[in-house]
Ligand code: UT7
């Protein structure tokens, strides 16, 4: 027997407003054809004035709790990954906590942009296994529409808003076949800060700022880093790509997903793809895709699932779990 963080349930939430490529092309110099061919994106959801990172995160958390068969009071740890918090402080995790009516638990945000969910899962997994908490809500939630330059066609067509959440529980399980997180691997390389960043912030300009990206360079690094961290996390769990039932990758660009899968010799059918409907939702993309594939019946109990992401910093990481 061994102690692991077991995935009890998942949930997600999307803003009401869905914006297609054709609608975007009415105000931005772009086309449905260009966006689909270069990225695979067909639509994204955009938050309205009454929707925020914490409101989407709360809705996703409620859905995850219902799937897990738990009440908010059963949770003693909330880790929320976001690069678009409601405010500079307090942590949006504490807003989710208040919305759920949990009066006392550990709650904090993690900032690792698109890899934020992998960072949050790793932190929560270590806290659960170390005995600092028993049941955790791990959430990725973003409202990137608020930090997009809607006049920059090279970035504004790529991103969307949303939230995904999972519930993890510390359990004693069978070492060979038991469920739970088997390994995590994280990386960061701050030499690449200038390739993907926001040109504002409380300690520099005092403004919120807008997202800036050198897309081609990010693309190149993404394929190399993601395939290498996937190999690394599988090796850490003494597994090979042949053991993997599903890869749930960060949804930035269908071409990155295809190139990474090819490099690893993974069939496209084993890669969950939601970028067509959600676009790049940063820290929300992995839990959103995971929830989609669990709810539509693709991922079933016992499956071996790999999560991976790469984002600004650069930061990147992967986790492997048995569902
Ligand atoms: O989540 C964090 C990780 N982020 C990513 O992984 C993003 C990685 N990068 C990418 O996904 C791709 O590099 C992009 C989708 C951002 C761009 O695709 P690309 O194939 O690298 O295109 P490009 O930047 O080389 O641009 C090709 C052409 C340019 O025109 P010229 O210079 O060839 O005349 C762009 O100006 O496409 C033009 N272009 C557009 N045209 C229509 C750029 N954006 C658009 C647009 N609509 N929205």
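Residue numbers (the working numbering): 2 to 324. From the three backbone atoms N, C-alpha and C, an ideal C-beta is built for every residue, glycine too. Because the structure is a prediction, the values reported are computed rather than measured.
Distance cut-off 7 Å: residue i Cβ against heavy atoms of the ligand UT7
i, result
"residue 197", "yes"
"residue 112", "no"
"residue 253", "yes"
"residue 317", "no"
"residue 115", "yes"
"residue 47", "no"
"residue 248", "no"
"residue 104", "no"
"residue 82", "no"
"residue 274", "no"
"residue 266", "no"
"residue 144", "no"
"residue 261", "no"
"residue 36", "yes"
"residue 154", "yes"
"residue 281", "yes"
"residue 141", "no"
"residue 109", "no"
"residue 257", "yes"
"residue 21", "no"
"residue 31", "yes"
"residue 225", "no"
"residue 217", "yes"
"residue 43", "no"
"residue 312", "yes"
"residue 90", "no"
"residue 331", "Shown here, the chain extends from 2 to 324; a query on residue 331 therefore has no answer."
"residue 158", "yes"
"residue 220", "yes"
Bridge-paired residues (DSSP) for residue i
i, result
"residue 250", "309"
"residue 117", "Bridge partners of residue 117: none, in fact."
"residue 170", "7 and 136"
"residue 146", "Per DSSP, none; premise fails for residue 146."
"residue 322", "182 and 306"
"residue 189", "316"
"residue 19", "46"
"residue 14", "164"
"residue 141", "82 and 165"
Integer-rounded CB distance, given that residue j should sit under 8 Å from residue i
i, j, result
"residue 116", "residue 316", "4 Å"
"residue 305", "residue 163", "The Cβ separation is near 26 Å, so there is no contact."
"residue 54", "residue 86", "6 Å"
"residue 319", "residue 119", "7 Å"
"residue 69", "residue 10", "3 Å"
"residue 6", "residue 171", "6 Å"
"residue 187", "residue 139", "About 14 Å; that fails the 8 Å criterion."
"residue 289", "residue 181", "Not confirmed; about 22 Å, so no contact."
"residue 58", "residue 113", "Between residue 113 and residue 58 the Cβ distance is about 16 Å, and since that is not below 8 Å, they are no contact."
"residue 238", "residue 321", "5 Å"
"residue 93", "residue 105", "Rounded, the Cβ-Cβ distance is 18 Å, inconsistent with contact."
"residue 212", "residue 149", "6 Å"
Which ranges would you report for the alpha helix (DSSP H) in the region 263–310 if only whole runs of at least 4 residues count? 276–279 and 286–296
Whole beta strand (DSSP E) elements within the region 67–122, 3-residue minimum: 78–82 and 107–111
For the region 78–85 and the region 100–112, state whether three or more C-beta atom pairs, one from each stretch, are separated by less than 8 Å. yes
Answer yes if the region 17–28 comes into contact with the region 125–132, meaning at least three C-beta pairs across the two stretches below 8 Å, and no otherwise. no
Runs of 4 residues minimum, wholly inside the region 197–258: which ones carry the alpha helix (DSSP H) assignment? Entirely contained in the region 197–258, the alpha helix (DSSP H) runs reaching 4 residues are, in chain order, 216–237.
Taking three-plus beta-carbon pairs below 8 Å as touching, is the region 169–179 in contact with the region 199–207? As far as the Cβ criterion goes, the region 169–179 does not touch the region 199–207, which means the pair count is below three.
Evaluate contact between the region 207–226 and the region 273–289, counting only Cβ atoms and requiring at least three cross-stretch pairs below 8 Å. no
Any 3 or more C-beta pairs closer than 8 Å across the region 259–276 and the region 242–251: yes
Report yes or no: do three or more beta-carbon pairs, one from the region 209–217 and one from the region 269–276, lie closer than 8 Å? no
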